[in-house]
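Undergrad: In terms of mature numbering (1 follows the signal peptide of the UniProt record, and there is no 0), the sequence shown is residues -25 to -1, 1 to 789. Where is the CB? At the ideal position from N, CA and C, for every residue including glycine. Small disclaimer: the values here were computed from a predicted structure and weren't measured.
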Amino acid sequence: MSKKKHLLVLLILLIGQLISNPVSADSVSTYKQNFNAGWFFYISDTINIHNVSALSGEWVSVHLPHDANLIDKEDQSLLGQQNPLPAQLKAPYQENFGDAGDVGYFPPGTVWYKKAFQWEQKDKAVFLNFDGIHSQSEIYINGQKVAENTGGYTPVNIDLSQYLVQGENTLYVKASNQESASRWYAGLGIYRDVHLYVLPRNYVNPFNFFVRTSEVTTDQAKVQVDFEIAGKKQKSKKLKARIQLWSPDQKVVAEQTIKVNQPGKHQLDLTVDQPQLWDIEHPFLYTLSIELIDKEGKVHQYNTRTGIRSIEFSADQGFLLNGKSVLLKGGCIHHDNGLLGAAAHKEAEYRKIALHKNFGFNAIRTSHNPPSTHLLNACDELGVLVIDEAFDAWNHPKRKNDYHQFFADNWEKDIEAMLLRDRNHPSIIMWSYGNEIPERSRPSGIQTAQQLYDKIHALDSSRFITQGVCSFWDNPDLNWEEHTPATFEHTDVAGYNYEPDRYESDHEKYPQRIIYGSESFPNQSFDYWKKVEQLPYVVGDFVWTSMDYIGESGIGISKYVKDSIEIGHPRPWPWYNAFCGDIDLIGDLKPQGRYRQVLWQESPIEVMVHQLVPEGQFEQISRWGWPKELPLWSGVEGDTVTVNVYAQAAAVGLYLNGERIAFKDIDGNSSQTATFQLPYQKGKLEAVAYQNEVEIARKALSSPDEKATLKFDAEFKTLNSTRKEVGYIQLSLRDAHGTLHFSDRPLKITKAQGVKVLAVGNASPFIDGSFLDGDFRLFQGRAQIIVQANAPASKGFIIVTDGETAYRCDIAVE
């Protein structure tokens, strides 16, 4: 097993431990109940709150989170059947609606959810918290509207106390998305977790709680805590709060007890001796506990986690984490989870971050919206730094129905919702209030930026503030030199989208400006990264993107053409994903990602073989694309092939079937690449890297044998049915030696026991059918099945056939 593969296995196992740990990533409280079970959904654009209750027999049971955009509404009845593998589901895609390619050709729509529950308690404060509903939502309890939200990425928190009745209560949630509302796939429905908070008359407010490091050295740290006692004032009741900080090894390392007002806000400092600092290699997490106590005992307890760490940015020293220089090896990500759509299952979000960590990334930018709580928890636990971003549009549109229509009325509410939820996460180092905002350098935009900056700073002065700024292709009457100084005035760190050639000239004019590449082109990664290494005021680089995502269809295209043409995007159907990421849609590393591993010294050597270019044609690559190459040694005997060897070395030797056929020096300024051309011959191609004439690494590609077998790689040991745990199974077609067959063989799931199949598919940029159907195919020899524990069983399993052979994957379900 390779070192990287071994690390990924350890990370996946760690995820399982973290998810099952009773001290969970979420704030721990017996008063917080997971509310994901017992929901039903119905897709319809025509029903409303007045007739929705009349629907009967047509609702489909669902365990949240859920993305209704993956479902063709005509297939709802099939999904309601007991068989976990409904056959011949339609692909819910359409070509002809506004900006269809931006969202992967998933059409707009409306979905309703309902949940009935019993309520018998009295004299309680009750809050319903949605971590995210896409996109515009309305929430009703017992037929009465209690909330609506237009920010599909921000949490919705509702005080239900006055609306509940004794006995049965019914929740309805309406979620809608419009056409031309997003530049990428957004999803539809209650796509993140739901929780119910049942609190006593006096309680520690879980929605207005702030803990951060105010001072830190290796010997001592001060942790500042802001908290609020909320609820009904009781004159005769005297309350105290006991605040304790628990170390990662479950010891109390700091403690205070104070008298508190009810209601009232409080602030205090805790001193921690010999603190264990949170960093990317050792993400130590403390638990802060606040117990609210009266003369009879504990009234309420609220826990949250925190990391003790310091962050600094300067033009002289770059980014310092706990006083040590860290170069930000960053990736921009969108919020979808591939074949699951937007559904933010805990295991999916943790897996996404574990993949990034495994492949060398130490930072992500949540472009261009607040992420799920699960994703931030994963970053805290695995040691990945975060730029938490708020908006892709302010008052001026990028698409006619995007967030700009709600910004003026709702920006302050949404910023508050984002920061109050996220500011306790030690992984977050910067807040971003915008990306490529159309009015960014106009007087109105500069005024908006100041308002955003001031609001964020008022809620959290411990972190740095940024925005991503691009060239003025969208404002041709403006120019960079004259108009960006005012744009960056209300930032602490300047995000440059695709502008590396301006780093040095801007530094001469503004020597105190701190810069990072907030977006960069994959095929220019060598040039971007060298500037990060060489220029202290450039603190990092965030590639667009680190992982493939649905929408912006085909921006990563490379194609063979006879004449030079403009490669525009989005690409026409059946393109549906961006195909620009280092990591593909199902979690495997693409060629550009393998190159980046060499660049970041995560891998000493990688070998890629360029696909043959048809005679009379040449390859044209988009700015977000990568050449058509693969780690594949297969072809027609005698055909001339091009081999690229990427290495952190002075020279590379190339061997074919044991014979050295070429040798090349690698110039340190030549992208760390040696290119060879040679006739294809079946067998073993091996590249050897040398430093000072001494071998330091080697990598081989072998021609696959004709016979191949389907292999399963389950990324979990067991799945818990009570928690409805989700697990990933990677499929690959390999010969007896483990060599991958780059095949597109069709497959079918014929049976599943103990699990529900949530999604099946592959990493192809072209859609091949519904993710919810049991029929699918390999792409370049790989595919993925995502399952959810459905019922307790000692031995769950799935059976997959290729039409000739049936293959079984056993799954332990508890």
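Sort Pro654, Pro566, Ser609 by Cα distance to Val620 and report the nearest one.
TA: Counted from its first residue, the sequence shown places residue 620 at position 645. Comparing Cα positions, the closest option is Pro566.
Undergrad: Going by DSSP, what residues sit across from Lys197 in a beta bridge?
TA: Position 222 of the sequence shown, counting from 1, holds the residue named residue 197. Answer by DSSP bridge pairing, in chain order: Glu190, Thr246.
Undergrad: Who are the near neighbours of Asp248 in its chain, counting only those whose CB is closer than 6 angstroms to its CB and skipping five residues on each side?
TA: The count along the sequence shown starts at 1 and reaches residue 248 at position 273. Contacts found: Gln195.
Undergrad: Give me the residue from Arg673, Ile412, Asp77 with the minimum Cα distance to Pro579.
TA: What you label residue 579 is simply residue 604 of the sequence shown in a count that begins at 1. Measuring from the Cα of Pro579, the nearest candidate turns out to be Arg673.
Undergrad: Report all residues from its chain with a CB closer than 7 angstroms to the CB of Lys659; omit the five preceding and five following residues, and keep chain order.
TA: On the sequence shown, position 684 is the one that residue 659 refers to. The answer, listed in chain order, is Asn632, Ala675, Ser677.
Undergrad: Since I believe Ala637 is in contact with Asn667 (beta carbons under 8 angstroms), could you give me their beta-carbon distance rounded to a whole number of angstroms?
TA: Here residue 667 refers to the residue found at position 692 of the sequence shown. Here residue 637 refers to the residue found at position 662 of the sequence shown. That pair is no contact at about 20 angstroms.
Undergrad: Looking at C-alpha atoms only, which residue of Ala683, Ala689, Val788, Phe687 is the closest neighbour of Asn695?
TA: Working through the sequence shown from its first residue, we reach residue 695 at position 720. Ranking the options by Cα distance to Asn695, first place goes to Val788.
Undergrad: Using 7 angstroms as the threshold, is the C-beta distance between Leu350 and His400 below it?
TA: Residue numbering aside, residue 350 sits at position 375 when the sequence shown is read from its first letter. Residue numbering aside, residue 400 sits at position 425 when the sequence shown is read from its first letter. No; because the gap between Cβ atoms is not below 7 angstroms, this pair is not in contact.
Undergrad: Pull up the DSSP beta-bridge partners for Asn552, would you.
TA: Here the question's residue 552 lines up with position 577 in the sequence shown. Note: Asn552 sits in a beta bridge opposite Ile525.
Undergrad: Which one of Gly118, Gln652, His310, Pro175 has the shortest CA to CA distance from Gln209?
TA: Looking up residue 209 in the sequence shown gives position 234. The residue with the shortest Cα to Cα distance from Gln209 is Pro175.
Undergrad: Please state the DSSP three-state secondary structure of Tyr478.
TA: For the purposes of this step, residue 478 is taken as residue 503 along the sequence shown, with counting starting at 1. Looking at Tyr478 - three-state DSSP - the assignment turns out to be helix.
Undergrad: Does the distance from the CB of Ile404 to the CB of Leu360 come in under 7 angstroms?
TA: Counted from its first residue, the sequence shown places residue 404 at position 429. Counted from its first residue, the sequence shown places residue 360 at position 385. In this structure, Leu360 lies closer than 7 angstroms to Ile404 by Cβ.
Undergrad: Does the region 386 to 395 come into contact with the region 439 to 458, if we say contact requires no fewer than three beta-carbon pairs (one atom in each stretch) closer than 8 angstroms?
TA: Result no; under three Cβ-Cβ pairs closer than 8 angstroms.
Undergrad: Can you give the Cα-Cα distance for Ile218 and Thr232, rounded to whole angstroms?
TA: The residue you call residue 218 lines up with position 243 of the sequence shown. The residue you call residue 232 lines up with position 257 of the sequence shown. Whole-angstrom Cα-Cα distance: 6 angstroms.
Undergrad: Candidates His170, Tyr166, Leu135: which alpha carbon is nearest Gln111's?
TA: What you label residue 111 is simply residue 136 of the sequence shown in a count that begins at 1. The shortest Cα separation from Gln111 among His170, Tyr166, Leu135 belongs to Tyr166.
Undergrad: Considering only the alpha carbon of each residue, which of Ser495, Arg783, Tyr703 lies closest to Gln728?
TA: Residue mapping note: residue 728 aligns to position 753 of the sequence shown, counting from 1. With distances taken between Cα atoms, Gln728 lies closest to Arg783.
Undergrad: Quick check: what's the CA-CA separation for Val27 versus Thr188?
TA: In the sequence shown, residue 27 corresponds to position 52, counting from 1. In the sequence shown, residue 188 corresponds to position 213, counting from 1. The alpha-carbon atoms of Val27 and Thr188 are separated by roughly 49 angstroms.
Undergrad: Taking three-plus beta-carbon pairs below 8 angstroms as touching, is the region 522 to 534 in contact with the region 546 to 560?
TA: A contact exists between the region 522 to 534 and the region 546 to 560.
Undergrad: Going straight from the alpha carbon of Trp455 to that of Arg488, what length do you get?
TA: For the purposes of this step, residue 455 is identified with residue 480 of the sequence shown, where counting begins at 1. For the purposes of this step, residue 488 is identified with residue 513 of the sequence shown, where counting begins at 1. Whole-angstrom Cα-Cα distance: 15 angstroms.
Undergrad: Curious, which full-length beta strand (DSSP E) runs of at least 3 residues does the region 560 to 615 contain?
TA: With a minimum length of 3 residues, the continuous beta strand (DSSP E) runs that stay inside the region 560 to 615 are 580 to 585, 593 to 596.
Undergrad: Taking the alpha carbon of Arg709 as the point to measure from, which residue in Asn152, Gly749, Gln755 has its own alpha carbon closest?
TA: The residue you call residue 709 lines up with position 734 of the sequence shown. Measuring from the Cα of Arg709, the nearest candidate turns out to be Gln755.
Undergrad: Secondary structure at Arg752, three-state DSSP: helix, strand or coil?
TA: The sequence position of residue 752 within the sequence shown is 777, counting from 1. Arg752 falls in the strand class under three-state DSSP.
Undergrad: Of the choices Asp748, Ala365, Ala433, whose alpha-carbon is the least far from that of Leu722?
TA: Residue numbering aside, residue 722 sits at position 747 when the sequence shown is read from its first letter. Nearest C-alpha to Leu722: Asp748.
Undergrad: Helix or strand or just coil, what does DSSP make of Trp87?
TA: Taking the first residue of the sequence shown as position 1, residue 87 is located at position 112. Trp87: strand per DSSP, three-state reduction.
Undergrad: Between Phe105 and Val169, is the Cβ-Cβ spacing less than 7 angstroms?
TA: Mapped onto the sequence shown, residue 105 falls at position 130. Mapped onto the sequence shown, residue 169 falls at position 194. In this structure, Val169 lies closer than 7 angstroms to Phe105 by Cβ.
Undergrad: For Phe336 and Ser500, which I take to be in contact (beta-carbon distance under 8 angstroms), what is that distance rounded to the nearest angstrom?
TA: Stepping through the sequence shown from its first residue, residue 336 is reached at position 361. Stepping through the sequence shown from its first residue, residue 500 is reached at position 525. Going by Cβ atoms, the distance from Phe336 to Ser500 rounds to 13 angstroms, so no, they are not a contact pair.
Undergrad: Please state whether the Cβ-Cβ distance between Leu263 and Thr279 is less than 7 angstroms.
TA: Here the question's residue 263 lines up with position 288 in the sequence shown. Here the question's residue 279 lines up with position 304 in the sequence shown. Their beta carbons are under 7 angstroms apart, which means Leu263 touches Thr279 by this criterion.
Undergrad: Let me check one thing: in DSSP terms, what residues is Asp269 bridge-paired to?
TA: Residue numbering aside, residue 269 sits at position 294 when the sequence shown is read from its first letter. Answer is Gly272.
Undergrad: Using DSSP bridges, identify the partner residues of residue 827.
TA: Within the shown structure, residues of the chain are numbered from -25 to 789, placing residue 827 beyond reach of any answer.
Undergrad: If you follow the alpha helix (DSSP H) that Val507 is in, where does it begin and where does it stop?
TA: The residue given as residue 507 occupies position 532 in the sequence shown. 500 to 509 is the span of the alpha helix (DSSP H), which, as asked, contains Val507.
Undergrad: From the DSSP output, read off the bridge partner residues of residue 816.
TA: Absent from the structure is residue 816, since the part of the chain shown begins at -25 and ends at 789.
Undergrad: Please state whether the Cβ-Cβ distance between Gly79 and Glu154 is less than 7 angstroms.
TA: Walking along the sequence shown from the start, residue 79 turns up at place 104. Walking along the sequence shown from the start, residue 154 turns up at place 179. Against a cut-off of 7 angstroms, the Cβ pair of Glu154 and Gly79 comes out as no contact.
Undergrad: Could you give the C-beta distance for Ala205 and Tyr178, rounded to a whole number, given that I count them as a contact under 8 angstroms?
TA: Residue mapping note: residue 205 aligns to position 230 of the sequence shown, counting from 1. Residue mapping note: residue 178 aligns to position 203 of the sequence shown, counting from 1. Rounded, the Cβ-Cβ distance is 6 angstroms, consistent with contact.
Undergrad: Are the region 636 to 653 and the region 684 to 699 touching, with three or more C-beta to C-beta distances below 8 angstroms?
TA: Taking 8 angstroms as the limit for Cβ pairs, the verdict is that the region 684 to 699 does not touch the region 636 to 653.
Undergrad: Please confirm whether Ala738 and Asp559 have their CB atoms less than 7 angstroms apart.
TA: Here residue 738 refers to the residue found at position 763 when the sequence shown is read from its first residue. Here residue 559 refers to the residue found at position 584 when the sequence shown is read from its first residue. In this structure, Asp559 lies closer than 7 angstroms to Ala738 by Cβ.
Undergrad: For Leu296 versus Gly282, is the C-beta distance shorter than 7 angstroms?
TA: Within the sequence shown, numbered from 1, the residue matching residue 296 stands at position 321. Within the sequence shown, numbered from 1, the residue matching residue 282 stands at position 307. No, Cβ-Cβ distance for Leu296 and Gly282 is not below 7 angstroms.
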